[in-house]
Structure formats: C-alpha cells, structure tokens
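Note that the working numbering has the sequence shown beginning at -12, numbered continuously upward.
Take a look at the structure set out below.
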Amino acid sequence: MKKSIIAILLALSVLLSAGISVCAYSGENTVSPYYLYTYSVKSTLIISGKTAYCESVIKGDRTVTQIYATQYLEKKNGDKWETVDSWSDSTNGNSLTMSNSKDNLDRGTYHVRTVGTVYSGSKSEPVEDTSKEVTI
-12 MKKSIIAILL
-2 ALSVLLSAGI
8 SVCAYSGENT
18 VSPYYLYTYS
28 VKSTLIISGK
38 TAYCESVIKG
48 DRTVTQIYAT
58 QYLEKKNGDK
68 WETVDSWSDS
78 TNGNSLTMSN
88 SKDNLDRGTY
98 HVRTVGTVYS
108 GSKSEPVEDT
118 SKEVTI
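Structure representation (structure tokens):
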C-alpha cells in the first residue's frame, strides 16, 4: 500500500514539474508560444507529377510593420538537405504569402523550409518553419 502511494506521488510530482508552454495575448488573436509578434509561420509543399508547388505564409500581430523571408525547396541527400531552388520576398505589412513552383524534379524526398524576420517597430524576431516531407 505504501509503495503504491509513493509511486503515485512520484508520478504526480513528475507531471506537475513538467514545463508548461505559455502564449502571449496580443489583442485579437493568440501569438505562437515561440514568438512575440508572430501569429503563425506555415510552409506547405505539394508535388504533382514532377512539379513542386511551394507556399509559405507568415502572419504577424497588428504591431508588425515588415516581414522578410526566404523560401527554400530542399532535397534530401543522405542525412543532409540540399537547396534545389530558393525565392525571397518582403512586405511592408503584417502578412506575407509566397507561392512558387519548380518543374522537372528528380526522384527523391523534398520539403520546403521558410526562414524569415518579422519586424515590430525597431524590434525583430527570426521565424522558421519546415513543411512535411514529400517523396516522389
């Protein structure tokens, strides 16, 4: 009986000591737990035939004044990812959507990685997201 009570207390102490993610609230929407000014960063890859359709969306809160980003289409080579193509864009606003495509892909595993910087006045934060892998 004492052993089971001790086991339960230990399990509870482990659960209660685990870190809890906290989200900041900035007006109308909840900000991601990883970012101060950014609501979301999303990379999407769709491959149809031998064509890759890449989309990246970065959404900032209402204080965001600029967003710069680079979208990388990458192919897996062993344990490493190699850039097949890349595109850059920016906006003087709080939302950036990038849509690009690449034809004549070789067989292999691909993903889209988005790397950017979100500016809120004189402050900034780096953002990044990687899509799910797609194999052709």
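All C-beta atoms, glycine included, are put in the ideal place defined by N, C-alpha and C.
For this session: Measure the C-alpha to C-alpha separation of N81 and G103 and round it to an integer number of angstroms.
Result: Position 94 of the sequence shown, counted from the start, is the residue given in the question as residue 81. Position 116 of the sequence shown, counted from the start, is the residue given in the question as residue 103. About 13 Å.
For this session: Check V71 in the structure and name its three-state DSSP category.
Result: Taking the first residue of the sequence shown as position 1, residue 71 is located at position 84. Three-state result, V71: strand.
Problem set entry | Inter-residue Cα distance where the pair is E61 and V28 | The residue you call residue 61 lines up with position 74 of the sequence shown. The residue you call residue 28 lines up with position 41 of the sequence shown. E61 and V28: Cα-Cα distance of roughly 18 Å.
Problem set entry | Selected residue, minimal CA-CA separation from L23, among E120, W68 and G108 | In the sequence shown, the residue the question calls residue 23 occupies position 36. The residue with the shortest Cα to Cα distance from L23 is G108.
Exercise. Looking only at C-alpha atoms, which of I45, D66 and E115 sits nearest to G95?
Worked result: Here residue 95 refers to the residue found at position 108 when the sequence shown is read from its first residue. Per the Cα distances, D66.
Problem set entry | Candidates Y106, E115, K89 and V105: closest to G36 by CA position | As a working note, residue 36 is residue 49 in the sequence shown. Closest by alpha carbon: K89.
Problem set entry | Secondary structure, alpha helix (DSSP H): runs of 4+ residues fully inside the region 30 to 86 | DSSP runs (the alpha helix (DSSP H)) wholly in the region 30 to 86: none.
Problem set entry | Among W68, V105, K110 and Y97, the one whose alpha carbon lies nearest that of K119 | Along the sequence shown, one-based indexing puts residue 119 at 132. K119 has its Cα closest to that of Y97, out of W68, V105, K110 and Y97.
Exercise. Under a three-way DSSP split, which group does K119 fall into?
Worked result: As a first step, residue 119 is located in the sequence shown; it is residue number 132 there, counting from the start. Residue state, collapsed to three classes: coil.
For this session: Write down the C-beta distance between I54 and S77 rounded to the nearest angstrom, noting that I regard them as a contact closer than 8 Å.
Result: Looking up residue 54 in the sequence shown gives position 67. Looking up residue 77 in the sequence shown gives position 90. I54 to S77, Cβ: 6 Å. Contact.
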